[in-house]
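Enquirer: Okay, handing you the structure first.
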Amino acid sequence: NAGVMQNPRHLVRRRGQEARLRCSPMKGHSHVYWYRQLPEEGLKFMVYLQKENIIDESGMPKERFSAEFPKEGPSILRIQQVVRGDSAAYFCASSPSWETQYFGPGTRLLVL
Amino acid sequence: QQQVKQSPQSLIVQKGGISIINCAYENTAFDYFPWYQQFPGKGPALLIAIRPDVSEKKEGRFTISFNKSAKQFSLHIMDSQPGDSATYFCAASNGETSGSRLTFGEGTQLTVNP
Chain E
3 NAGVMQNPRH LVRRRGQEAR LRCSPMKGHS HVYWYRQLPE EGLKFMVYLQ
53 KENIIDESGM PKERFSAEFP KEGPSILRIQ QVVRGDSAAY FCASSPSWET
103 QYFGPGTRLL VL
Chain D
-12 QQQVKQSPQS LIVQKGGISI INCAYENTAF DYFPWYQQFP GKGPALLIAI
38 RPDVSEKKEG RFTISFNKSA KQFSLHIMDS QPGDSATYFC AASNGETSGS
88 RLTFGEGTQL TVNP
């Protein structure tokens, strides 16, 4: 009965590189959410996906960020040309319905 | 109108005492209010949640009190223990219009002294 899995747990990138974060939802969960937590701050919604569909990306920066949840495989949050301000913890949550969300352990991204 | 304001920012309580964390919201369309507990280096873990059709929900030592008219809700931790030391986040969502994305408060860092 595995929980939400995220990898890598820690990721170091230099400015200008790409960061790719993966999230495997809990078994039976078809709703995936991504949130970002800046140091000493609360979590901010980024994007909500269901299988093969982006439902709500209103919290996603317009440039350099993209997300997908393919029919097979994990959900991926991609950050292109990373900048220092992208350094944060990125959390994925999954849900079997629209309500209760279960969070993964997060990916800590550090941009040098 | 999407904000959730949380207080206090930090809280120190003696073992056995009651910890109280408060949240206020603006969007009257919110209809689901969970509380999450987060330990350093970990993801948020769902603690307890309430819907606005009830004024109180209790699970073990944790109680949510909800005041719909005041647009406020609070978390009470009875008989606080050192193991409760963590950051607590309130949140709110409206599944119908926002796709259930959670709007979080700023967090409260709770320290329970032995």
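Chains as they are written, first to last, in our numbering: chain E, 3 to 114; chain D, -12 to 101. Glycine included, every Cβ here is placed at the ideal spot set by N, Cα and C. A quick note: this is a predicted structure, and the numbers were derived from the prediction, not measured.
#1: Under 9 Å between C-beta atoms, does E/Ala95 make it to chain D?
#2: Evaluate the contact criterion for the stretch 22 to 40 of chain E versus the stretch 88 to 95 of chain E: three or more CB pairs, one atom per stretch, below 8 Å.
#3: Taking Cβ positions only, does E/Val14 come closer than 9 Å to chain D?
#4: Listing by chain order, which chain D residues have their CB less than 7 Å from the CB of E/Gly44?
#5: Cutting at 8 Å between CB atoms, please list the residues of its own chain near E/Gln52, excluding the five before and the five after it.
#6: Tell me whether E/Asp88 is buried or exposed, calling it buried when 16 or more other Cβ atoms sit within 10 Å of its Cβ.
#7: Tell me the DSSP bridge mates of E/Glu54?
#8: Using a Cβ-Cβ distance cut-off of 9 Å, determine whether D/Ser(-6) contacts chain B.
#9: On the three-state DSSP scale, how would you describe D/Pro31?
#10: Taking E/Glu54 as the query, report the chain D residues whose CB atoms sit under 9 Å from its CB, ordered along the chain.
#11: Could you tell me the alpha carbon to alpha carbon distance between D/Tyr75 and D/Gly94, rounded to whole angstroms?
#12: Should E/Arg80 go down as buried or exposed, given a rule of 16 or more other Cβ atoms within 10 Å for buried?
#13: Please state the DSSP three-state secondary structure of D/Pro69.
#14: What is the DSSP secondary structure of E/Arg110, reduced to helix, strand or coil?
#15: Any beta carbon of chain D sitting closer than 9 Å to that of E/Val6?
#16: What does a CB cutoff of less than 6 Å around D/Ser42 pick up in its chain, not counting 5 residues either side in sequence?
#17: Can you name the residues that DSSP bridges to D/Phe17?
#18: Going along chain E, which residues have a C-beta under 8 Å from D/Lys29?
#19: If you measure beta-carbon to beta-carbon, which residues of the stretch 37 to 49 of chain D are closer than 7 Å to chain E?
#20: Beta-carbon of E/Gly75 versus every beta-carbon of chain D: anything under 9 Å?
#21: Would DSSP call E/Arg86 helix, strand or coil?
#22: Any Cβ of chain D within less than 9 Å of the Cβ of E/Ser68?
#23: Flag this pair as yes or no: are the beta carbons of D/Ser67 and D/Val99 separated by less than 9 Å?
#24: So who's on the other strand from D/Thr50, going by DSSP bridges?
Expert: Inspection of the coordinates gives the following:
#1: For this step, residue 95 of chain E is matched to residue 93 along the first sequence. True, the Cβ-Cβ gap to chain D drops below 9 Å.
#2: Taking one beta carbon from each stretch, the stretch 22 to 40 of chain E and the stretch 88 to 95 of chain E have 3 or more pairs nearer than 8 Å; the two touch.
#3: For this step, residue 14 of chain E is matched to residue 12 along the first sequence. When Cβ-Cβ separations below 9 Å define contact, E/Val14 makes no contact with chain D.
#4: One-based indexing of the first sequence puts residue 44 of chain E at position 42. Simply Phe76, Phe91, Gly92, Glu93, Gly94.
#5: Position 50 of the first sequence holds residue 52 of chain E. Closer than 8 Å at Cβ, skipping near neighbours: Ser32, His33, Val34, Phe71.
#6: Working through the first sequence from its first residue, we reach residue 88 of chain E at position 86. Burial call: buried.
#7: For the purposes of this step, residue 54 of chain E is identified with residue 52 of the first sequence, where counting begins at 1. Among the bridge pairs identified by DSSP, E/Glu54 is matched with none.
#8: Included in the structure are the protein chains E and D, with no chain B among them.
#9: Numbered from 1 along the second sequence, position 44 holds the residue referred to as residue 31 of chain D. Annotated three-state conformation of D/Pro31 is coil, per DSSP.
#10: Walking along the first sequence from the start, residue 54 of chain E turns up at place 52. Chain D residues near E/Glu54: none, gap ~16 Å exceeds 9 Å.
#11: In the second sequence, counting from the first residue as 1, residue 75 of chain D sits at position 88. In the second sequence, counting from the first residue as 1, residue 94 of chain D sits at position 107. Rounded to whole angstroms, D/Tyr75 to D/Gly94 spans 5 Å at the Cα level.
#12: Here the question's residue 80 of chain E lines up with position 78 in the first sequence. Burial call: exposed.
#13: Taking the second sequence and counting its residues from 1, one reaches residue 69 of chain D at position 82. Residue state, collapsed to three classes: helix.
#14: Counted from its first residue, the first sequence places residue 110 of chain E at position 108. Here E/Arg110 carries a strand assignment [DSSP, helix/strand/coil].
#15: Here residue 6 of chain E is taken as the residue at index 4 of the first sequence, counted from 1. By this cut-off, E/Val6 is an interface position.
#16: Locating residue 42 of chain D in the second sequence gives position 55, where the first residue counts as 1. The beta carbon of D/Ser42 sits closer than 6 Å to those of Phe53, all from its chain and outside the five residues before and after it, given in chain order.
#17: The residue given as residue 17 of chain D occupies position 30 in the second sequence. For D/Phe17, DSSP records no beta bridge to any residue.
#18: Within the second sequence, the letter at position 42 stands for residue 29 of chain D. The contact set of D/Lys29 on chain E, defined by CB atoms closer than 8 Å, consists of Pro107, Gly108 in chain order.
#19: In summary, no residue of the stretch 37 to 49 of chain D has a CB separated from any CB of chain E by less than 7 Å.
#20: By one-based count along the first sequence, residue 75 of chain E stands at place 73. Put simply, the CB of E/Gly75 is far from chain D, with every gap to its CB atoms at 9 Å or more.
#21: By 1-based counting over the first sequence, the position of residue 86 of chain E is 84. In the structure shown, E/Arg86 sits in a helix (DSSP, three-state: H, G or I).
#22: For this step, residue 68 of chain E is matched to residue 66 along the first sequence. So no, E/Ser68 is outside the interface.
#23: On the second sequence, residue 67 of chain D is found 80 positions in, with the first residue counted as 1. On the second sequence, residue 99 of chain D is found 112 positions in, with the first residue counted as 1. Yes.
#24: Locating residue 50 of chain D in the second sequence gives position 63, where the first residue counts as 1. Looking at the DSSP output, D/Thr50 bridges to D/Lys45, D/His63.
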